[in-house]
Each structure stands twice: as structure tokens, then as C-alpha cells.
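Peer 1: Protein chains in written order, with this note's numbering: chain A, 19 to 438; chain B, 20 to 180; chain C, 11 to 170.
Note that beta-carbon positions come from the ideal geometry of N, C-alpha and C, so glycine has one too.
From a predicted model like this one, the values you see are computed outputs, not experimental measurements.
Below is one structure. I have some questions about it.
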Amino acid sequence: MSERKVRIAQLSCGPDYSGVQKEINDAASAVGAEIFYPDLTLHEIKQNYKSFGLDVKSGDLKLAIARAVALVKGAVDADAVFITTCFRCAEAAITRNELRNYIHENSDLPVVSYSFTERTTSGTLLTRMEALTTIARRKALLARQRQVGITMGIDSGSATTKAIIMQDNEIIGTGWRPTIDVVESANEVIALALEEAGIQKSDIEAVGTTGYGRYLIGDKINADLVQEELSVNSKGAVFLADCQTGSATVIDIGGMDNKAISVQDGIPGTFTMGGICAGASGRFLEMTAKRLGVDITELGPLAMKGMENTVPMNSYCIVFGTQSLVNALAEGHSKADVAAAACHSVAEQVFEQQLQEVDIKDPVIMVGGSSLIQGLVRAMGNLLQTEIVVPSHSQYIGAVGAALLSSGYVEQKKKEERDA
Amino acid sequence: MREDKLKEGIRDGPEYAGSITKYVFIESNHTTPNDLALHAYELAAPVMIKETCFGLQVTGDPDDVEAVITRIREVDPSHIFVKDRGFPPGDARRCRANMGGARPGYFGHEAEVAVLRYVSYGLQRMYHGDSISKSELEIIHPKERVELSDEHLLEIFNRDV
Amino acid sequence: MAKVFIYPTTSLILSDMVTRLGHIPLGSALSVRDRVQQGGVEGIDSPPLNMTPDDAKRGLKWAAVEVPAGIRGRMSLIGPLLAEAEAAIIMNDPLAFGCMGCARTNELTTFLLKDAGIPVLELNYPETEEEGFAFVMAIKEFLAGLAQKGDEEKPEVQHE
Chain A
19 MSERKVRIAQ LSCGPDYSGV QKEINDAASA VGAEIFYPDL TLHEIKQNYK SFGLDVKSGD
79 LKLAIARAVA LVKGAVDADA VFITTCFRCA EAAITRNELR NYIHENSDLP VVSYSFTERT
139 TSGTLLTRME ALTTIARRKA LLARQRQVGI TMGIDSGSAT TKAIIMQDNE IIGTGWRPTI
199 DVVESANEVI ALALEEAGIQ KSDIEAVGTT GYGRYLIGDK INADLVQEEL SVNSKGAVFL
259 ADCQTGSATV IDIGGMDNKA ISVQDGIPGT FTMGGICAGA SGRFLEMTAK RLGVDITELG
319 PLAMKGMENT VPMNSYCIVF GTQSLVNALA EGHSKADVAA AACHSVAEQV FEQQLQEVDI
379 KDPVIMVGGS SLIQGLVRAM GNLLQTEIVV PSHSQYIGAV GAALLSSGYV EQKKKEERDA
Chain B
20 MREDKLKEGI RDGPEYAGSI TKYVFIESNH TTPNDLALHA YELAAPVMIK ETCFGLQVTG
80 DPDDVEAVIT RIREVDPSHI FVKDRGFPPG DARRCRANMG GARPGYFGHE AEVAVLRYVS
140 YGLQRMYHGD SISKSELEII HPKERVELSD EHLLEIFNRD V
Chain C
11 MAKVFIYPTT SLILSDMVTR LGHIPLGSAL SVRDRVQQGG VEGIDSPPLN MTPDDAKRGL
71 KWAAVEVPAG IRGRMSLIGP LLAEAEAAII MNDPLAFGCM GCARTNELTT FLLKDAGIPV
131 LELNYPETEE EGFAFVMAIK EFLAGLAQKG DEEKPEVQHE
């Protein structure tokens, strides 16, 4: 049975003139959604724009503002909102941020914003669109707060593959391996998790996959749930941090991209996902550890002993970041100071480039493998002026979320078996 | 045949490479889009005519469209306004039914239509042969704020004080 | 008959006035028509305007690479018209969208027009009947001036 299309209202300036509107349409269509433009009269445009109060010169931004007001008022029906404007336009960036906050604060509509260049492809937009449609379509699924039965979650990330087995709301098995061959690494972590749990594969009642390799793995092991990492990680984070109701912010500095998600009652509201340059990723910290001759697990404690402000390091680019690192060591700075500076540099890039786009509300939960690097968590806490929460098993966040969400299928399957 | 295609109704823009489309707007209480369409049909030109809420859209070969437009303009010269359109009518890429909302250009037209009556008034007087004085003409030019020179300011000050 | 760039490039009023008074209006509809129709000719399918990332690259002729893609894309529609323009009529503070929806593109367009050394007429939108009359007559005088200028220049052109 085909599901009803999710209707995503587009508020934008410029995508049709940059050759990327088709990419947006294609990404939406790939996840069972359709883009539409809220219809207003000229009078409504003038009235709504004026009532919002942000003075912009561009007509298309005025139109975007007016349409946002109509969505919040409920004058136009939509399931989700996609705000998109040109990368590097200041007027549009201000409008985009204000509209995103406005919609997030004044409606239940999931909203995502994105600044495009002419190089933006539907592939880049896919995960964002998938998250938008999931939130709109599967609110009941995402509302699940308790894991039931025996379920497994697999997170096939760009750097590592993780598996988690849960039984009756408790983690009973874990597996973690670097991602080499996507399927083989998944098989390895599944074997590790099964061994730790002391159960057979046939005991598992439902499986969920997430991460870059989710489709491939999901297909190979016949997963019940194949889900992008934005909604899965949000769910895993609030579950592990035990804050399933109210607001929270989830930060995941990954190997290839970073996610910052503003969560309300376990459901993502606004989120950003970026990964243009590696100087702002976990990859840079891996390189730093290698250059300092320490294991990645030792980098955190080492950074905690150092003083970040003695070493100048602040680059979005991994090549320039590495240059600073090499220079600092050549100048005789201690390994501890360099480690601290590297952590601060990554935290600062994420803070400057991404966290401005989401509404930061306590508790701030850091997840993913990089959350185990204490120096990075401290640097982020300092920048955000808050105590960051790192829950247990935070490196398994996606796998936990997938195991939790897939348990929604356990009861469904049992019912189907009974009916059969 | 091009003519047959036009009659079939335009759904696929690219098939009409070489054709042009013009919008015809009427700013009048006396003339309806239907009146204009009837005049246009009198010419029996091989064009497609689509009536809309604001007037007509005329699509076809450039010469045919121009001939029809010239005829239509004669109906009420001061109250009929014509403009090129990039898309053929009903093009799925720009159709309100597919986009959920009006194309952006629609709002721009709506904004200009609000002042058409003043332009119509001006056109009537122009066709009537009225002349205009320089000072009357000035009112439509954007006024720049001229900063007073120190000397001029002093002069005003001395005079008034 | 002069080619007159109209601003707003989407203006119904200016497109009509220029045509009505015997000249050729250069507006964005002409460029959009090229894009929309090229789908059938070149097999391009990039709705709604059939503009592709290549258009933003073509826009580099008028704006540097650090300028947002939407501006460069719009300039790829407007720029070729600027090159053709023999005169321009600019209306102040239009409320317009789409091709005219970006203020930065509009600022660049009006600058390039003023910089081109062609005759430019700047006007307000009429808001009264008197202003409507002045509006029509100002355009009439401006276009008549172009025709005269064109006639004066013609022998020289032929001479060359």
C-alpha cells in the first residue's frame, strides 16, 4: 500500500535560478514527499511580511517570510518545511535563521534549512529530506520511549560500524569495528554483539539499521527498519541520557559529517548536518592522535592536561589544521597543549559553522565516538557555557536508537504471526 | 502540424520552440476577457487563445501573435496592456496546480495591476493630444535629497534671522 | 526602433509602454523563454525554468565566484539583455519576485545599466492620475528622444 505523500512547504530564494530546484524536487520525491509553495494573495504577502517585522529588500525573501507566517497561522496545510537560500548571502542567512526559529517555536512543523550552491545535488539533500518526512510521517514510531523484546540496531557509519542488542529496555550486547568493507564490518559487529549477549541470531525479533551503509546492510540482513541517522540518533541520545521529554540538544561530531539536532520530546525539530571540510570533524582528531603518537582513546585524557590557548589552531580545513599542528610541535609546544588545541579547534568550527543554526537548549548531549574524547567535550562545554552530558554507550548512539525504534515492529510481527 | 498542436492545448513547452506567448491584461469595467477573445477570433489566425481572470494569453508564431495583439489593442487602447511571457500557458513547470501556489511573477503582476488605472488615465490624455508642462512632468521623477552647501545654509540663516 | 531594457525586468507596464510607443522592450521573459524552450531542442529537463548549474557558471561573466549562485544564475538571464540594451527605463522600489526577487541582483543590474553609458530614465510608480499622466508623458518624451538620436546617428553608421 502506498503511503500518502508528505507535503513539504518550500520557503526559498534562488534555487530555481541556481539549477538546484530539480535536485530538491528529486530528493523529496525519493523519500515519498512532494515540494509545494504555500499559496497567498498579494495582500496576504504584504500583511504577513509586515507583521513578521524583519525588514528585507529581496522580494523572494519577503515572500518566504509571508509564507512562513501563513504556515504558522495554520492558513496553509503542510507536513514539514524546507527553507533554502543561496550560500554566502547575508540577507538570506538572517532570514533563514529567523524563519527556522520562528517556525520551530510557534508550530509543530518539522523544519530544516539549507544553503545551497550550484553544486548541491539531490544526494546531499536526501538524508535531510528523509529525516523531514520521517518526522512528519512516523511520529508514532518516534514517540516510542521503551524498548521491548530482543532487538538489534546496526549503525554503519563512515568511520566505524556499531551494533547493539537490547532486551527489555537494557543493552545486553555491543560490537564496534572500523568500517572497512561495509557488509563484512557489519557482520563482524553483529557477531561481537551476539557473543556478548550470549544469544543466537534467530533470537532477535527485530532489526533496525542506520548510517551511511543503512540501505546495503538493511537489504542484506532483511532489516525491519532502515532509517537515517538524524531521527535515530536523537532518539538514542534522549533514551540514553534519560531525558525523553522536554527539550534537548544533540551534537554528534562524526567521521565524515557533524549533526546538531534540536530535540523536543525525543523528536527532532530543527537540525543541521554539515561535512564540507574535515578540519571540523572527528577525522582531524584521529590525525592529531596519530601525529602525537598516541591512541585515539588517549587523546582525550591528554588534552585535559593541556592548555588550548597556548597553541594557535583554528581551521575548517584538515590540511591547514595539520600545518598548525606540525608548526606547534616544531615550536616546542607540549603534546598535551597541542591535543587540547586540536580539540578546541574542532569544537570551535562546529560551534561557528553549525551550532548557530539550531536552538541550543539544555541538556546538551554529545554522542558518537568523538564524545569519548574528554578534551573535545570540555572545549564544547566551554564554548556553549554549559555542562555537556555524555551518556553511557554514547559511541553506540545510532545503534541504540535503531534497536529502540525497531522494537516497534516486535509487537506488530507477533500480531501478524498470530493472525497468520 | 503546428496549428493542430496549438489547438490540442499546450502541455509540453519544448514542443513549442519558436512560438511566443503574450499576456493581455484589461483594466476596464466595460471590456471582459471574453470580448477580447471574440475580437481575436475574428482574425482566424493560427494562435491559441486562453482566457484568464485578468485577460488573455495568446500563443503562436511571432507574426501571428503580433497581428492578433494589434487587433486586440484596437478594442480599448488605453485600457489594454500587453507583455511577453516566458512559458506557454498551462506549462506543468509553472502551473499553480502543480506548484501549490502561484508562480512568483503573478504577484509582481498583481502589484502592477493595482496602479494600471493611473497609467490608463495618462494614456487617455496622451491619445487625446494633451501636453504637459515641465513642472507637471517633474512629479514622477525620483527626487534626490540635495545637501545644502555651507554658503547656501548661511544665506538662508542670515535672511531668516 | 531602440532596444530598451526595462526594470523591473518583469514589468507589465514598462513592457507595454515601450512596445506601444514603437520600441523593443528587453525583459526577463525573453531569456526565460529561451531556457524553457531549449528543453525540447537540447533535451534539458531542469524545472521550473530549465536553468542548470551551468547558468550560474555563465553568470561569472557579471559576478565573481564568491557571489551567491542565485545572483549569478539571475545574471545569466539578465546579463545578455544588458549587452543588447540601447537605453533603459528604471522604476523605483518595485515589489517584484522571481527574476526580480533578489535585491543584490537588482542592485547590480541597475548599477550596470547606469555604468553602460546608455540613456536611462528613472521613474516612480504612479500613485495618482496626475502622476499617471506624467509617467506616460515622461516615457513618451524619453523614447521620442531615442528615436531622434537614432535618426541622427544613422547616416554615420551607414558611412562606416
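Could you tell me which uninterrupted beta strand (DSSP E) segments, each at least 3 residues in length, are contained entirely in the stretch 11-95 of chain C, listed from first to last along the chain?
Peer 2: Counting only runs of 3 or more, we get 13-17, 34-36.
Peer 1: When you compare each of M170(A), R232(A), K238(A), G236(A) to L210(A) by their alpha carbons, which one comes out closest?
Peer 2: For the purposes of this step, residue 210(A) is taken as residue 192 along the first sequence, with counting starting at 1. Minimum Cα distance to L210(A) is reached at M170(A).
Peer 1: Can you list, in chain order, the residues of its chain whose CB lies under 8 Å from that of V207(A), leaving out five sequence neighbours each side?
Peer 2: Counting from one through the first sequence, the residue named residue 207(A) turns up at place 189. I172, T179, K180, A181, G193, W194, R195, listed in sequence order.
Peer 1: Going by DSSP, what residue range makes up the beta strand (DSSP E) through P286(A)?
Peer 2: Position 268 of the first sequence, counted from the first residue, corresponds to residue 286(A). 285-292 is the span of the beta strand (DSSP E), which, as asked, contains P286(A).
Peer 1: In terms of residues, what are the limits of the alpha helix (DSSP H) holding A149(A)?
Peer 2: Counted from its first residue, the first sequence places residue 149(A) at position 131. Element bounds for A149(A): 140-155.
Peer 1: What residues in the stretch 104-137 of chain C have a beta carbon less than 9 Å from any beta carbon of chain A?
Peer 2: Taking 9 Å as the Cβ-Cβ cut-off against chain A, the residues of the stretch 104-137 of chain C that qualify are P104, L105, A106, F107, G108, C109, M110, G111, C112, A113, R114, T115, N116, E117.
Peer 1: Once the 5 residues before and after N43(A) are set aside, which same chain residues still bring their CB inside 6 Å of it?
Peer 2: The count along the first sequence starts at 1 and reaches residue 43(A) at position 25. Excluding positions up to five away in sequence, the list reads I53.
Peer 1: Kindly confirm or deny that the stretch 403-412 of chain A and the stretch 358-375 of chain A touch, where touching means at least three C-beta pairs closer than 8 Å.
Peer 2: Cβ pair count under 8 Å is below three, so no.
Peer 1: At 3 residues or longer, what runs of the beta strand (DSSP E) sit wholly inside the stretch 216-298 of chain A?
Peer 2: Listed in chain order, they are 224-228, 265-271, 276-282, 285-292.
Peer 1: Residues of chain A with CB closer than 9 Å to the CB of M118(B), please, in chain order.
Peer 2: The residue you call residue 118(B) lines up with position 99 of the second sequence. Near M118(B) (Cβ distances below 9 Å), the residues of chain A are I53, F54, Y55, D57.
Peer 1: Mind checking whether I100(C) and T119(C) have CB atoms under 7 Å apart?
Peer 2: By 1-based counting over the third sequence, the position of residue 100(C) is 90. By 1-based counting over the third sequence, the position of residue 119(C) is 109. Cβ atoms of I100(C) and T119(C): not closer than 7 Å.
Peer 1: According to DSSP, simplified to helix, strand and coil, what is Q158(C)?
Peer 2: As a position in the third sequence, residue 158(C) is number 148, starting the count at 1. Three-state result, Q158(C): helix.
Peer 1: Could you have a look at R106(A) and say whether DSSP puts it in helix, strand or coil?
Peer 2: Taking the first residue of the first sequence as 1, we reach residue 106(A) at position 88. The answer is coil: DSSP assigns R106(A) none of H, G, I, E or B.
Peer 1: In angstroms with no decimal places, state the Cα-to-Cα distance between R122(B) and C114(B).
Peer 2: Within the second sequence, numbered from 1, the residue matching residue 122(B) stands at position 103. Within the second sequence, numbered from 1, the residue matching residue 114(B) stands at position 95. Roughly 7 Å separates the two Cα atoms.
Peer 1: Does any CB atom of chain A fall closer than 7 Å to the CB of F126(B)?
Peer 2: Position 107 of the second sequence, counted from the first residue, corresponds to residue 126(B). Yes, contact with chain A.
Peer 1: Using DSSP's beta-bridge definition, name the partner residues of P196(A).
Peer 2: As a first step, residue 196(A) is located in the first sequence; it is residue number 178 there, counting from the start. According to DSSP, which records beta bridges pairwise, P196(A) is partnered with T178(A).
Peer 1: Answer with yes or no whether the minimum CB distance from R84(C) to chain A is below 7 Å.
Peer 2: Within the third sequence, the letter at position 74 stands for residue 84(C). It does: the Cβ of R84(C) has a partner Cβ on chain A nearer than 7 Å.
Peer 1: Check each residue of the stretch 23-51 of chain C: if its Cβ is closer than 9 Å to any Cβ of chain A, include it; give the result in chain order.
Peer 2: Hits within the stretch: zero.
Peer 1: Could you please give the first and the last residue of the uninterrupted alpha helix (DSSP H) stretch that includes V356(A)?
Peer 2: Here residue 356(A) corresponds to residue number 338 of the first sequence, with the count starting at 1. Note, V356(A): alpha helix (DSSP H), 353-371.
Peer 1: Where do the N-terminal and C-terminal ends of the beta strand (DSSP E) with M101(C) fall, by residue?
Peer 2: Counted from its first residue, the third sequence places residue 101(C) at position 91. 97-101 is the extent of the beta strand (DSSP E) around M101(C).
Peer 1: Let's test the definition: count the other Cβ atoms within 10 Å of the Cβ of P96(B) and tell me whether it reaches 16, buried, or not, exposed.
Peer 2: Counted from its first residue, the second sequence places residue 96(B) at position 77. So P96(B) ends up on the exposed side.
Peer 1: Taking 7 Å as the cut-off, decide whether the C-beta atoms of L105(C) and A12(C) are in contact.
Peer 2: Within the third sequence, residue 105(C) is the residue found at index 95, counting from 1. Within the third sequence, residue 12(C) is the residue found at index 2, counting from 1. No.
Peer 1: Name the chain C residues that come within less than 9 Å of R190(B), Cβ to Cβ?
Peer 2: Any property of residue 190(B) remains undetermined from this structure, which presents chain B solely from 20 to 180.
Peer 1: Let me know if K6(A) comes out buried or exposed under the rule of 16 or more other beta-carbons within 10 Å of its beta-carbon.
Peer 2: The question about residue 6(A) has no answer here: the residues shown for chain A are numbered 19 through 438.
Peer 1: Output yes if chain C places a C-beta closer than 7 Å to the C-beta of E85(B); else output no.
Peer 2: Taking the second sequence and counting its residues from 1, one reaches residue 85(B) at position 66. For E85(B), the answer is no, since every Cβ of chain C falls outside 7 Å of its Cβ.
Peer 1: Does the stretch 78-98 of chain C come close enough to the stretch 32-46 of chain A that 3 or more CB-CB pairs lie under 8 Å?
Peer 2: Contact holds: three or more Cβ-Cβ distances are below 8 Å.
Peer 1: Cβ closer than 7 Å: which chain A residues qualify as neighbours of E129(B)?
Peer 2: Numbered from 1 along the second sequence, position 110 holds the residue referred to as residue 129(B). The contacting residues are L60.
Peer 1: In the DSSP output, what is Y132(A) paired with across the bridge?
Peer 2: Taking the first sequence and counting its residues from 1, one reaches residue 132(A) at position 114. Note: Y132(A) sits in a beta bridge opposite T102(A).
Peer 1: Output, in chain order, the set of chain B residues within a Cβ distance shorter than 9 Å of M147(C).
Peer 2: Reading the third sequence from its first residue, position 137 is the one you call residue 147(C). Per Cβ cutoff of 9 Å: G141, R144, M145, D149, S150, I151, E155, L156, I159.
Peer 1: Ends of the alpha helix (DSSP H) at A88(A)?
Peer 2: Translated into the one-based positions of the first sequence, residue 88(A) becomes position 70. It spans 77-91 - the alpha helix (DSSP H) in which A88(A) sits, taken as one unbroken run.
Peer 1: Would you kindly check if the distance between the Cβ of L36(C) and the Cβ of A95(C) is under 7 Å?
Peer 2: By one-based count along the third sequence, residue 95(C) stands at place 85. By one-based count along the third sequence, residue 36(C) stands at place 26. A contact, by the Cβ cut-off of 7 Å.
Peer 1: Determine, for S30(A), whether the minimum Cβ-Cβ distance to residues of chain C falls below 7 Å.
Peer 2: Here residue 30(A) is taken as the residue at index 12 of the first sequence, counted from 1. Cβ-Cβ to chain C under 7 Å: no for S30(A).
Peer 1: Specify, as a first and last residue, the run of the alpha helix (DSSP H) that L394(A) falls within.
Peer 2: Here residue 394(A) corresponds to residue number 376 of the first sequence, with the count starting at 1. It spans 392-402 - the alpha helix (DSSP H) in which L394(A) sits, taken as one unbroken run.
Peer 1: Which stretch, first to last residue, makes up the beta strand (DSSP E) that contains F338(A)?
Peer 2: Taking the first residue of the first sequence as 1, we reach residue 338(A) at position 320. F338(A) -> not in any beta strand (DSSP E); alpha helix (DSSP H) instead, spanning 336-348.
Peer 1: When DSSP labels each residue in this structure, what does E174(B) get in the three-state scheme?
Peer 2: Against the second sequence, residue 174(B) aligns to sequence position 155. Looking at E174(B) - three-state DSSP - the assignment turns out to be helix.
Peer 1: Take R43(C) as the anchor and find which of L87(C), V28(C), M110(C) has the nearest alpha-carbon.
Peer 2: Here residue 43(C) corresponds to residue number 33 of the third sequence, with the count starting at 1. Measuring from the Cα of R43(C), the nearest candidate turns out to be L87(C).
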